[in-house]
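In the working numbering, the protein residues as written are 67 to 321. Just so it is clear, CB atoms sit at the ideal spot from N, CA and C, and this is done for glycine as well. First the structure, in the form of structure tokens, and then the observations on it.
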């Protein structure tokens with residue numbers, strides 16, 4: 067286990083580098099309107115970023131155990147803050163009529179410097195001691211036989227599915243399904259990311275005060291209500307506000 071912990075920083079370094087590479091592939095794919103090349107770039111970006119998220123969460127969980135305090139939601143909050151900032155920039159460039167190809171290229175180039183700085187700051191061997199302790203403890207049930215763990219996996223999958231669907235389809239739903247302008251669709255998505263940011267920054271406080279079970283239950287109800295109103299209610303003001311409400315729920319529950 068200790069040896070595995072030593073790999074996590076290297077996984078983060080490698081996968082984040084490939085995520086930037088995937089973004090750099092997307093821009094020329096749009097210039098030449100090549101669907102296969104665009105799909106290839108998305109595959110590189112998605113696989114790399116997803117792998118990096120797993121390793122980053124493992125590192126964050128190790129830090130949380132050492133501190134004996136709920137801090138992982140706050141760490142995710144800074145990620146959501148970056149998403150909110152990116153949504154604002156996207157809304158602005160959409161309003162100015164900038165094509166997607168140079169926009170994605172600029173985003174990839176801008177991401178290189180902060181990622182390079184962050185990668186250099188990752189220490190080797192983070193979580194090593196915690197891994198050694200875990201290795202010395204008695205082994206529990208295998209993953210596939212632990213019913214409680216499997217149910218947690220189902221909950222996480224449902225919350226991630228709701229968030230991922232909104233990330234991919236919310237602007238398109240607002241423009242094509244509800245008749246908003248592209249700029250307004252981006253603005254609504256910015257509201258969704260604002261809800262995610264608030265949910266992540268406040269999630270730790272709610273967990274410490276009301277317990278994880280209560281937060282998961284309440285967040286699941288809020289998420290279902292928000293999604294239902296977005297789909298079925300025709301009032302534009304209600305749809306925009308429910309995007310923010312629906313974003314709070316998955317973030318609080320999943321962190």
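*Sort 127, 174, 185 by Cα distance to residue 111 and report the nearest one.*
As a position in the chain shown, residue 111 is number 45, starting the count at 1. Comparing Cα-Cα distances from residue 111 to each of 127, 174, 185, the minimum goes to 174.
*So, using beta-carbon positions, are residue 78 and residue 118 closer together than 8 angstroms?*
The residue you call residue 78 lines up with position 12 of the chain shown. The residue you call residue 118 lines up with position 52 of the chain shown. Yes, they are a contact pair.
*In terms of alpha-carbon separation, which member of 269, 167, 231 lies closest to residue 96?*
Taking the first residue of the chain shown as position 1, residue 96 is located at position 30. Looking at the Cα atoms, 167 is the closest of the given residues.
_DSSP state of residue 221 mapped onto helix, strand, coil_ = For the purposes of this step, residue 221 is taken as the residue at position 155 of the chain shown. Correct three-state label for residue 221: helix.
*Do residue 289 and residue 228 have their CB atoms nearer than 8 angstroms?*
By one-based count along the chain shown, residue 289 stands at place 223. By one-based count along the chain shown, residue 228 stands at place 162. Cβ atoms of residue 289 and residue 228: closer than 8 angstroms.
_Outcome for residue 109 when other beta-carbon atoms lying within 10 angstroms are tallied against a minimum of 16_ = To locate residue 109, count along the chain shown from 1; it is residue 43. By the neighbour-count rule (16 or more Cβ atoms within 10 Å), residue 109 is not buried but exposed.
_alpha helix (DSSP H) runs contained entirely in the segment 214 to 276, provided each spans 4 or more residues_ = Segments of the alpha helix (DSSP H) lying fully in the segment 214 to 276: 248 to 276.
*Just how far apart, CA to CA, sit residue 141 and residue 107?*
For the purposes of this step, residue 141 is taken as residue 75 along the chain shown, with counting starting at 1. For the purposes of this step, residue 107 is taken as residue 41 along the chain shown, with counting starting at 1. Going by the C-alpha atoms only, they are around 27 angstroms apart.
*List the whole-angstrom C-beta distance separating residue 39 from residue 256, where the pair is believed to meet the contact cut-off of C-beta under 8 angstroms.*
This structure cannot settle anything about residue 39, because the visible part of the chain is limited to 67 through 321.
*How many angstroms separate the CA atom of residue 136 from the CA atom of residue 180?*
Along the chain shown, read from residue 1 onward, the residue named residue 136 stands at position 70. Along the chain shown, read from residue 1 onward, the residue named residue 180 stands at position 114. Those two C-alpha atoms are separated by around 26 angstroms.
*By Cβ distance below 6 angstroms, which residues in the same chain neighbour residue 185 in space, the five residues on each side in sequence not counted?*
If you number the chain shown from 1, residue 185 lands on position 119. The residues are 79.
_Anticipated Cβ contact below 8 angstroms, residue 86 with residue 178, distance rounded_ = As a working note, residue 86 is residue 20 in the chain shown. As a working note, residue 178 is residue 112 in the chain shown. Rounded to the nearest angstrom, the Cβ distance from residue 86 to residue 178 is 6 angstroms, consistent with a contact under 8 angstroms.
_Using a 10 Å radius around the Cβ and a threshold of 16 neighbouring Cβ atoms, would you call residue 73 buried or exposed?_
Here residue 73 refers to the residue found at position 7 of the chain shown. With fewer than 16 other Cβ atoms within 10 Å, it is exposed.
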